[in-house]
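Chemist: Pasting in a structure now, in structure tokens, and then I'll have a few things to ask.
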């Protein structure tokens, strides 16, 4: 049996039991049980399940490891963390983050005006708010308003013009001045897809010359006491810890030098985000070369070592690791609508009273195939198929004969794969790849997995049931958009094998894991497929509850969201249909009602078995 790399990526959050995947927490419900309960209300499309206890676990893990490193290294500063809202701003996610992080005084980070307003309204009393990204006078003034409201807010400047604006606002109003941070442009760069966040050509941050000028500007304005933080970020999803260690040495020395230059109130270093999540489900490749233990120990040890060498008090440490906190909490579940070789079922065979000799031989091969002869019979079947295709091209057999041949050979191949599944030959493995199955999923990759489409980011995927049998079909996944890029192709180096099921007789559900970071905020309405229905699942010792149900937008609502007048569209459609010819008035009314019902559903397919 295949556990789909559960031991690699799941962090023991999920287990396989009784052929189903279950939450490894308290009452341990299965995903199939939860999905079946939700679908009992006639939901047919994809859905997002949120598990707030997984957010709590990640926050606890982050704080515990840093506090352990602080104790082991006799470090004198504190550890603090904020969640970057750009990673997931959806209400149910933010609610889980703030509630589950309350014990740790977990804060929020904003990178836009809207995110800052959200942070001001949702941050717990006493928790930190950090503000990054480019800012105009209005956004900086919002920072003053937040400070006046009692928030512990630090506004990080990305350029000298922002600092000059802060000084101007401070001179023009009597509002409390927020804490000020300086984002430093390090020479050190990160690794992986997002490495360009660091380095001398990075988009954000001040050079050494600009940092010195910023300190002088703050002194001249009498605001040097507001300089509390330096900040750096060398990239999301850091695969390698070596660049982080280099960046820590550079930033730590900048911090110590600023303290010696008179920035006496400077008290914290914000190392940004980048703590990687394991997305891979194959043994031969991993997303990172370090553990959370090594990450936290490296940060604390290196900063302590630098400060001790320069006789500078240890700074408080801030992180903005968003992906690490929320990626695991959301799971995308989608039904499979179709297997493209479904037409090769034996029940579709239609033999004649007299069949071509090669068809007769295929019938016998299919009937007599066993473990001892399967390779020999497989070779015979493949040879017969080539001969029959030639006979069809020459006009000696008809389309029904060809159909029978395709079904028989396909079933012989499947039987051979099953018989030799424990010890497949290289030939069978190559045949699996060549005859891969295409699974049509009721979802949009562009909407729900945009990082796969845009960046080639893979996500763990597996069925949520049938896990007590070995999957043998080399699988490629096709979504329901009319776009050829809406496909997760089969990769022989990182293969996905799924089950051979009859979709006409039973449901088959696939789950995509670790989709809680960025996928929802980046998801696009390609083909006007909108965000799936979502549900928060609270698990207890005796069961679970399904809360915070958020329905997917209806067809009319999504048209309205891109600028159309939904009432105008509805009235135009009704008017045209009302003037059409119908046999009876009842038929007209029924059709009008059916049209309106369709328009008030979401756009995902509603195929039923």
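In this note's numbering, the protein residues as written are 3 to 611.
Glycine residues also receive a C-beta, built at the ideal position from the N, C-alpha and C atoms.
Pull up the distance between the alpha-carbon of residue 4 and that of residue 423, whole angstroms please.
Modeler: For the purposes of this step, residue 4 is taken as residue 2 along the chain shown, with counting starting at 1. For the purposes of this step, residue 423 is taken as residue 421 along the chain shown, with counting starting at 1. Between residue 4 and residue 423, the C-alpha separation is close to 12 Å.
Chemist: Looking only at DSSP bridge pairs, what is residue 11 linked to?
Modeler: For this step, residue 11 is matched to residue 9 along the chain shown. Per DSSP, none; premise fails for residue 11.
Chemist: Do you know offhand how far residue 509's Cα is from residue 358's?
Modeler: The residue you call residue 509 lines up with position 507 of the chain shown. The residue you call residue 358 lines up with position 356 of the chain shown. If you take the alpha carbons of residue 509 and residue 358, they lie about 37 Å apart.
Chemist: What does residue 63 pair with, by DSSP beta-bridge criteria?
Modeler: Along the chain shown, read from residue 1 onward, the residue named residue 63 stands at position 61. DSSP, once it has assigned bridges, lists no residue as partnering residue 63.
Chemist: Between residue 453 and residue 520, which are expected to be in contact by the criterion C-beta below 8 Å, what is the C-beta distance as a whole number of angstroms?
Modeler: As a first step, residue 453 must be located in the chain shown, where it is residue number 451. As a first step, residue 520 must be located in the chain shown, where it is residue number 518. Yes, they are in contact, since the Cβ atoms of residue 453 and residue 520 sit about 6 Å apart, within 8 Å.
Chemist: I need the boundaries of the alpha helix (DSSP H) containing residue 404, first residue and last residue.
Modeler: What you label residue 404 is simply residue 402 of the chain shown in a count that begins at 1. 401 to 421 is the extent of the alpha helix (DSSP H) around residue 404.
Chemist: For the beta strand (DSSP E) containing residue 183, name the first residue and the last one.
Modeler: Indexing the chain shown from 1 puts residue 183 at position 181. Unbroken beta strand (DSSP E) run through residue 183: 181 to 185.
Chemist: For residue 581 and residue 448, what's the separation of their Cα atoms in angstroms?
Modeler: One-based indexing of the chain shown puts residue 581 at position 579. One-based indexing of the chain shown puts residue 448 at position 446. Taking the straight line joining both Cα atoms gives about 38 Å.
Chemist: Can you give me the start and stop residues for the beta strand (DSSP E) that residue 19 sits inside?
Modeler: Counted from its first residue, the chain shown places residue 19 at position 17. That run of the beta strand (DSSP E) goes 16 to 19.
Chemist: Please state whether the Cβ-Cβ distance between residue 539 and residue 51 is less than 8 Å.
Modeler: By one-based count along the chain shown, residue 539 stands at place 537. By one-based count along the chain shown, residue 51 stands at place 49. Contact flag set, yes.
Chemist: As an exercise, report each continuous alpha helix (DSSP H) stretch of at least 4 residues that is fully enclosed by the stretch 416 to 504, in chain order.
Modeler: With a minimum length of 4 residues, the continuous alpha helix (DSSP H) runs that stay inside the stretch 416 to 504 are 428 to 436, 447 to 450, 452 to 457.
Chemist: If you compare alpha carbons, which of 155, 502, 73, 317 is closest to residue 475?
Modeler: Residue 475 sits at position 473 when you count from the first residue of the chain shown. Ranking 155, 502, 73, 317 by Cα distance to residue 475 puts 502 first.
Chemist: Here's the rule I'm using: 16 or more other beta-carbon atoms within 10 Å means buried, otherwise exposed. How should residue 320 be labelled?
Modeler: The residue given as residue 320 occupies position 318 in the chain shown. Buried, because 16 or more other Cβ atoms sit within 10 Å of the Cβ of residue 320.
Chemist: Taking only runs that begin and end inside the stretch 216 to 277, name each unbroken alpha helix (DSSP H) of 4 or more residues, in chain order.
Modeler: Qualifying alpha helix (DSSP H) stretches, in chain order: 244 to 262.
Chemist: Can you tell me whether residue 494 is buried or exposed? The criterion is at least 16 other CB atoms within 10 Å of its CB, across all chains shown.
Modeler: Here residue 494 is taken as the residue at index 492 of the chain shown, counted from 1. That one is exposed.
Chemist: Are there three or more Cβ pairs, one per stretch, closer than 8 Å when the stretch 302 to 321 is compared with the stretch 272 to 284?
Modeler: Yes, the stretch 302 to 321 touches the stretch 272 to 284.
Chemist: How about residue 553 and residue 92: do their beta carbons lie closer than 8 Å?
Modeler: Along the chain shown, one-based indexing puts residue 553 at 551. Along the chain shown, one-based indexing puts residue 92 at 90. No, these two residues do not count as a Cβ contact at 8 Å.
Chemist: Starting from residue 121, follow the alpha helix (DSSP H) in both directions and report where the run begins and ends.
Modeler: In the chain shown, the residue the question calls residue 121 occupies position 119. Start and end: 115 to 124.
Chemist: Between which two residues does the alpha helix (DSSP H) carrying residue 393 extend?
Modeler: Counted from its first residue, the chain shown places residue 393 at position 391. That run of the alpha helix (DSSP H) goes 376 to 395.
Chemist: Where are the alpha helix (DSSP H) runs, 4 residues long or more, that stay fully inside the stretch 516 to 552, in chain order?
Modeler: DSSP runs (the alpha helix (DSSP H)) wholly in the stretch 516 to 552: 521 to 524.
Chemist: Taking all protein chains shown into account, do 16 or more other C-beta atoms lie within 10 angstroms of the C-beta of residue 11, making it buried, or fewer, making it exposed?
Modeler: Position 9 of the chain shown, counted from the start, is the residue given in the question as residue 11. Burial call: buried.
Chemist: Kindly indicate the opening and closing residues of the alpha helix (DSSP H) around residue 165.
Modeler: Within the chain shown, residue 165 is the residue found at index 163, counting from 1. Residue 165 -> alpha helix (DSSP H) spans 162 to 174.
Chemist: Quick check on residue 582: does DSSP put it in helix, strand or coil?
Modeler: Counting from 1 along the chain shown, the entry for residue 582 is found at position 580. Coil at residue 582, not helix or strand.
Chemist: What are the boundary residues of the alpha helix (DSSP H) that residue 324 is part of?
Modeler: The residue labelled residue 324 in the question sits at position 322 within the chain shown. First-last for residue 324: undefined, no H or E at that position.
Chemist: Can you tell me where the beta strand (DSSP E) holding residue 556 begins and where it ends?
Modeler: Numbered from 1 along the chain shown, position 554 holds the residue referred to as residue 556. No beta strand (DSSP E) contains residue 556, which DSSP labels as neither H nor E.
Chemist: Buried or exposed, going by whether 16 or more other CB atoms sit within 10 Å of the CB of residue 2?
Modeler: Because the chain spans 3 through 611 in this model, residue 2 falls outside it and cannot be assessed.
Chemist: Identify, in the order they occur along the chain, each residue of the same chain with its Cβ nearer than 6 Å to the Cβ of residue 496, setting aside the five sequence neighbours on each side.
Modeler: Looking up residue 496 in the chain shown gives position 494. Correct list, in chain order: 284.
Chemist: Does the stretch 261 to 271 come within contact of the stretch 209 to 222, defined as at least 3 CB pairs closer than 8 Å?
Modeler: A contact exists between the stretch 261 to 271 and the stretch 209 to 222.
Chemist: Just mark residue 483 as buried or exposed, buried being the case when its beta carbon has 16 or more other beta carbons within 10 Å.
Modeler: Mapped onto the chain shown, residue 483 falls at position 481. Buried is the call here.
Chemist: Are the CB atoms of residue 499 and residue 534 within a distance shorter than 8 Å?
Modeler: Reading the chain shown from its first residue, position 532 is the one you call residue 534. Reading the chain shown from its first residue, position 497 is the one you call residue 499. No; because the gap between Cβ atoms is not below 8 Å, this pair is not in contact.
Chemist: Can you check which of these residues, 173, 602, 592, is closest to residue 558 by C-alpha distance?
Modeler: Locating residue 558 in the chain shown gives position 556, where the first residue counts as 1. It is 602.
Chemist: Kindly confirm or deny that the stretch 524 to 533 and the stretch 349 to 367 touch, where touching means at least three C-beta pairs closer than 8 Å.
Modeler: Segments in contact, no.
Chemist: Is it right to say residue 398 is buried, meaning 16 or more other beta carbons lie within 10 angstroms of its own, or is it exposed?
Modeler: Residue 398 sits at position 396 when you count from the first residue of the chain shown. It is exposed - the Cβ of residue 398 has fewer than 16 other Cβ atoms within 10 Å.
Chemist: Whole angstroms are fine: how far does the CA of residue 433 sit from the CA of residue 354?
Modeler: Here residue 354 corresponds to residue number 352 of the chain shown, with the count starting at 1. Here residue 433 corresponds to residue number 431 of the chain shown, with the count starting at 1. Answer to the nearest angstrom: the Cα atoms are 30 Å apart.
Chemist: Just to confirm my understanding: we take residue 360, look at its own chain, exclude 5 residues before and 5 after, and list those with CB closer than 8 Å. What are they?
Modeler: Here residue 360 refers to the residue found at position 358 of the chain shown. Counting only Cβ-Cβ distances below 8 Å, and skipping sequence neighbours, we find 386, 389, 390, 393, 407.
Chemist: Verify whether the separation of the beta carbon atoms of residue 561 and residue 568 is less than 8 Å.
Modeler: The count along the chain shown starts at 1 and reaches residue 561 at position 559. The count along the chain shown starts at 1 and reaches residue 568 at position 566. It is a contact, given that the beta carbons lie within the stated cut-off.
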